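Heads up, the thing below is written out as structure tokens.
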Amino acid sequence: MKPSKKSYILMLYLIGMIFEVNAINYCSNHTFPTSLGTNFMQFTKETVTKEYAVDGQFKALHCCAKGYRSIEWLKDGKRYPWSSEDTSSLILYPQESNQTIYARRASNVDEGQYTCVLRNDTYKLEHNIQLRILESSPDVPLATFTPQNQFADIGGSARFFCEAFVGKKDLPDISISIKWYHMSDGNQDDVINDNQQEVVKREEEEIIGSYLTISEVTSSHFGRYLCRVEMGNSQTHHLELSAELINALPMEDYATDIFRNPYFLATFTAVLTFVLFFLVFYSRFKAIGPRKLDSFEM
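Going letter by letter, the sequence shown gives residues -23 to -1, 1 to 275 in mature numbering (1 follows the signal peptide of the UniProt record, and there is no 0).
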């Protein structure tokens, strides 16, 4: 039986409600552990800088934060509410404390740079998001968030995140995967446990991301990490993003360790010997110099 127009409209409404619920949960999930129990103005999770949408599909932009007194959205420098529909069709989602703007059906007019501005009594924070509207889903993943280098102490923790837009895949046999690798001498060394990686998806799985969490850092964890997003079985339809975990050794420990280094000690001794020799030679030259000049005049 062919569904009625009323049933079709109801179905679209329910789908829209599902998207809106996901938009609500976006800023509540996977927040920085360091943001818990704090009240100062800050972003509470990774700030995505690039966003993509297929023409006619649902789209949401997020600015997840806390501790602000006001939040304002701009598109290409024009403040919300937009002066006309020619600026943007994205609207505020009040249930998410205005941290989310969205459009049920994105269009070319929505393309541009969006800025969210957070303010408190003393200063402000800004975050820019570049939105592109595509005619169709891409053939290769498009990066929306590039992982950032992290500093960690031994015994501390670290978290990496990467994300890409893959679009809607109509063929069921097209597999999409995202995985982290620990690089060893420039090669992929797949020694990362699956329980350290958490795959996240949004906007009907058109955007896929992954969190890599290291709960207790050891010396073996330092180095470069690669996030690889693959579409299908083709080696050409993939995206690779990388970041490094760096040892945040305290300066006092570094100063102690460096004096234990034999190469440093040898170099330091040689330089010190040269400086002492130069000072002795210079002082003796100054002492005997006038005598030689006096004898030369005589």
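Ideal Cβ positions, reconstructed from N, Cα and C, are used throughout, including at glycine. Predicted, not measured: the structure shown is a model, and the values here were computed from it.
8 Å Cβ cutoff met for residue i and residue j
| i | j | result |
| --- | --- | --- |
| residue 95 | residue 38 | no |
| residue 190 | residue 173 | yes |
| residue 208 | residue 118 | yes |
| residue 205 | residue 214 | no |
| residue 184 | residue 176 | no |
| residue 127 | residue 137 | yes |
| residue 222 | residue 123 | no |
| residue 129 | residue 225 | yes |
| residue 26 | residue 153 | no |
Residue range of the beta strand (DSSP E) that includes residue i
| i | result |
| --- | --- |
| residue 57 | Per DSSP, residue 57 belongs to no beta strand (DSSP E) and is neither H nor E. |
| residue 200 | 200 to 208 |
| residue 90 | 89 to 96 |
| residue 82 | No beta strand (DSSP E) holds residue 82; DSSP gives it neither H nor E. |
| residue 188 | 184 to 191 |
| residue 219 | 215 to 224 |
| residue 7 | Element bounds for residue 7: n/a, residue is neither H nor E. |
| residue 38 | 36 to 39 |
| residue 73 | Per DSSP, residue 73 belongs to no beta strand (DSSP E) and is neither H nor E. |
| residue 28 | 27 to 31 |
Spatial neighbours of residue i in its chain, beta-carbon cut-off 8 Å, leaving aside the 5 residues before and after
| i | result |
| --- | --- |
| residue 36 | 28, 30, 67, 79, 80, 83, 87, 108, 180 |
| residue 111 | 29, 30, 31, 32, 144 |
| residue 21 | 4, 8, 9, 12, 41, 42, 43 |
| residue 155 | 139, 141, 176, 185, 186, 187, 204, 205, 206, 207 |
Contacting residues, own chain, Cβ-Cβ under 6 Å from residue i (five flanking each side not counted)
| i | result |
| --- | --- |
| residue 104 | 24, 40, 93 |
| residue 49 | 94 |
| residue 229 | Low per-residue confidence applies at residue 229: pLDDT is 47, beneath 50, and the placement is therefore not dependable, though the value from the model is reported in the following sentence. Nothing meets the Cβ criterion. |
| residue 133 | 194 |
| residue 69 | 75, 78 |
Contacting residues, own chain, Cβ-Cβ under 7 Å from residue i (five flanking each side not counted)
| i | result |
| --- | --- |
| residue 45 | 18, 95, 96, 97 |
| residue 198 | 191, 222 |
| residue 231 | The predicted model places residue 231 with a pLDDT of 47, which falls under 50 and marks its position as unreliable; any figure quoted below should be read in that light. Nothing meets the Cβ criterion. |
| residue 61 | none |
| residue 178 | 184, 185 |
Open item on the list: With three or more beta-carbon pairs closer than 8 Å as the criterion, would you say the segment 62 to 69 touches the segment 81 to 98?
Closed with: A contact exists between the segment 62 to 69 and the segment 81 to 98.
- [ ] Mind the definition here: the segment 4 to 20 touches the segment 47 to 54 only if three or more C-beta pairs lie below 8 Å; say whether that holds.
- [x] Fewer than three beta-carbon pairs drawn from the segment 4 to 20 and the segment 47 to 54 are found closer than 8 Å, and the two stretches are therefore not classed as touching.
Task: Contiguous beta strand (DSSP E) assignments of at least 3 residues, all confined to the segment 112 to 173 - done: Within the segment 112 to 173, the complete beta strand (DSSP E) runs of at least 3 residues are 119 to 122, 127 to 129, 135 to 142, 153 to 161, 164 to 166.
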